[in-house]
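Q:
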Amino acid sequence: MKILVLYSSYMGNTKQLAEQIVEQIPEAEIQGVVFGRWRIFPHLIGIRGGNYPILDLTEYDLIYAGGPVWMERPAPGFSRLLKNLDLEGKQIKCFSRAGSGHAKLVTEKLEKLASEKKFELVKSVIISGKDTSETVEEKIKDLIAS
Ligand SMILES: Cc1cc2nc3c(=O)[nH]c(=O)nc-3n(C[C@H](O)[C@H](O)[C@H](O)COP(=O)(O)O)c2cc1C
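Read in order, the letters of the sequence shown correspond to residues 951 to 1096 in the working numbering.
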């Protein structure tokens, strides 16, 4: 089974989570983008530039997709990353990185994207900056096991 861990990140926190997932699944490949702090304001006002990975996902059976939480929903760079790719029929496990943990619209928005892009959202987990390292480990294990 081919597994990809895909992430978008502005400041690196989601990238770090993606790397933690790959530590637990050594056969998985990893791809992603770190936009940097200078992209935050343009993305906030709807200018969604950046080097989004354009990938042929045909061979992948399972994709872990992660991105930051902004305004309680997936950040623009996370949604755009998923919107750019052909995800039809794929099984996707999402990990969203929040700061304070206010993220009540995240799973609803990802479910909407799943129905638009015709992928199966197997699981959606929110990992907060307030979580202890033990909690983060548990959430990652749970995500992998689901
Ligand atoms: C514009 C903006 C909006 C944010 N909104 C939220 C929010 O609603 N809830 C939350 O828990 N964190 C929020 N955060 C914090 C980010 O989710 C947090 O910093 C995250 O770790 C960023 O991930 P990254 O380092 O991969 O970019 C926001 C950050 C920014 C820049």
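C-beta atoms are modelled at their ideal positions from N, C-alpha and C, and glycine is treated no differently.
1) Is the CB-CB distance between Phe1069 and Gly1039 below 8 Å?
2) Compute the minimum distance between the beta carbon of Lys965 and the heavy atoms of ligand 1, and state whether it is under 7 Å.
3) Can you say whether Thr964 is buried or exposed, counting buried as having 16 or more other CB atoms within 10 angstroms of its CB?
4) Indicate the three-state DSSP secondary structure (helix, strand or coil) for Ser1029 in the structure shown.
5) If you reduce the DSSP assignment to three classes, tell me which class Ile1090 lands in.
6) If distances are taken between C-alpha atoms only, which option among Met961, Ala1053, Ser1083 and Ala1064 comes closest to Ile1076?
7) Got a sec? Which residues, its chain only, sit under 8 Å from Asn1001 by beta carbon, not counting five neighbours each side?
8) Tell me the DSSP secondary structure of Ala968 in three-state form.
9) To the nearest angstrom, report how far apart Arg1030 and Phe985 are at their CA atoms.
10) Ligand 1 and Met961: does any heavy atom of the ligand fall closer than 7 Å to the residue's C-beta?
11) Output yes or no for whether 8 Å exceeds the beta carbon distance between Ile1042 and Val1072.
A: The answer reads as follows:
1) As a working note, residue 1069 is residue 119 in the sequence shown. As a working note, residue 1039 is residue 89 in the sequence shown. Between Phe1069 and Gly1039, the gap from beta carbon to beta carbon is short of 8 Å.
2) Taking the first residue of the sequence shown as position 1, residue 965 is located at position 15. For ligand 1, at least one heavy atom lies less than 7 Å from the Cβ of Lys965.
3) Translated into the one-based positions of the sequence shown, residue 964 becomes position 14. Buried.
4) In the sequence shown, residue 1029 corresponds to position 79, counting from 1. Three-state DSSP puts Ser1029 in a helix.
5) The residue labelled residue 1090 in the question sits at position 140 within the sequence shown. In the structure shown, the three-state DSSP call for Ile1090 is helix.
6) Working through the sequence shown from its first residue, we reach residue 1076 at position 126. Comparing Cα positions, the closest option is Ala1053.
7) Here residue 1001 corresponds to residue number 51 of the sequence shown, with the count starting at 1. Excluding sequence neighbours, Asn1001 sits near Val983.
8) Position 18 of the sequence shown, counting from 1, holds the residue named residue 968. If DSSP states are grouped into helix, strand and coil, Ala968 belongs with the helices.
9) In the sequence shown, the residue the question calls residue 1030 occupies position 80. In the sequence shown, the residue the question calls residue 985 occupies position 35. Within the model, the alpha-carbon separation for Arg1030 versus Phe985 is close to 12 Å.
10) Along the sequence shown, read from residue 1 onward, the residue named residue 961 stands at position 11. Yes, ligand 1 has a heavy atom inside 7 Å of this Cβ.
11) The sequence position of residue 1042 within the sequence shown is 92, counting from 1. The sequence position of residue 1072 within the sequence shown is 122, counting from 1. For Ile1042 and Val1072, yes; Cβs fall inside 8 Å.
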